[in-house]
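Numbering (the numbering used here), first residue to last: 159 to 345.
Take a look at the structure:
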């Protein structure tokens, strides 16, 4: 059951983002007696806004730090950070951003990359007819991160909804594919 939710608009946004009211929602839940905090977000999308995405993620973590009260913290959503060599600057910064937000001895762990270190795992793909119109390179922009010091280990993680659904007017459900990670309930 969900115990509480709270939405926060980003303090730092581009003019374009203000039209979309970008922000994040923190959800507190209890699962098998364990309190867990989830944050769902959609960070700014323009490729040139690397520093802004870092500031937005740091804002999320600072707010979550004041509210999580020892709960495991999952940060999920469209981070618009490319998980490639031509990285947007956010992925390698996960650990340092966690420290800047006040978390010591903890890191943001990319659950997909942890279990699939050599797979691209694209969630934005030019083979998706809804994404193809944007003419941007294929990359992974969607993440399931966990802020931790090793206590939660995912059992599996994969890209999902990456197969066409032919009965729809467009072949795919979204311009992004999903990411699915599974965790043991006794972690």
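In this text, a Cβ means the ideal position worked out from N, Cα and C, and glycines have one as well. Computed from a predicted structure; not experimentally measured.
Between the alpha carbons of residue i and residue j, how many angstroms are there, rounded?
{"i": "residue 183", "j": "residue 304", "result": "16 Å"}
{"i": "residue 169", "j": "residue 214", "result": "8 Å"}
{"i": "residue 216", "j": "residue 193", "result": "22 Å"}
{"i": "residue 296", "j": "residue 340", "result": "25 Å"}
{"i": "residue 257", "j": "residue 330", "result": "38 Å"}
{"i": "residue 245", "j": "residue 319", "result": "At residue 245, the pLDDT of 49 sits below 50, so the modelled position is not reliable; the number obtained from the coordinates is stated separately. The straight-line gap from Cα to Cα measures roughly 24 Å."}
{"i": "residue 243", "j": "residue 289", "result": "Because residue 243 carries a pLDDT of 47, less than 50, the predicted location of this residue cannot be relied on, and no value is offered for it."}
{"i": "residue 272", "j": "residue 311", "result": "9 Å"}
{"i": "residue 332", "j": "residue 316", "result": "17 Å"}
{"i": "residue 281", "j": "residue 337", "result": "8 Å"}
{"i": "residue 225", "j": "residue 162", "result": "11 Å"}
{"i": "residue 291", "j": "residue 210", "result": "25 Å"}
{"i": "residue 346", "j": "residue 274", "result": "Missing from the structure shown is residue 346; the chain here goes from 159 to 345 and no further."}
{"i": "residue 287", "j": "residue 201", "result": "23 Å"}
Just to confirm before moving on: does the CB-CB distance between residue i and residue j stay below 8 Å?
{"i": "residue 181", "j": "residue 203", "result": "no"}
{"i": "residue 268", "j": "residue 301", "result": "yes"}
{"i": "residue 260", "j": "residue 298", "result": "no"}
{"i": "residue 255", "j": "residue 306", "result": "no"}
{"i": "residue 187", "j": "residue 218", "result": "no"}
{"i": "residue 324", "j": "residue 283", "result": "no"}
{"i": "residue 185", "j": "residue 160", "result": "yes"}
{"i": "residue 229", "j": "residue 195", "result": "yes"}
Which partner residues does residue i have in the DSSP bridge list?
{"i": "residue 301", "result": "235"}
{"i": "residue 184", "result": "164 and 197"}
{"i": "residue 189", "result": "192"}
{"i": "residue 266", "result": "305"}
{"i": "residue 285", "result": "According to DSSP, residue 285 bridges with nothing at all."}
For residue i, count neighbouring Cβ atoms within 10 angstroms of its own Cβ and tell me buried if that reaches 16, exposed if not.
{"i": "residue 235", "result": "buried"}
{"i": "residue 205", "result": "exposed"}
{"i": "residue 178", "result": "exposed"}
{"i": "residue 189", "result": "exposed"}
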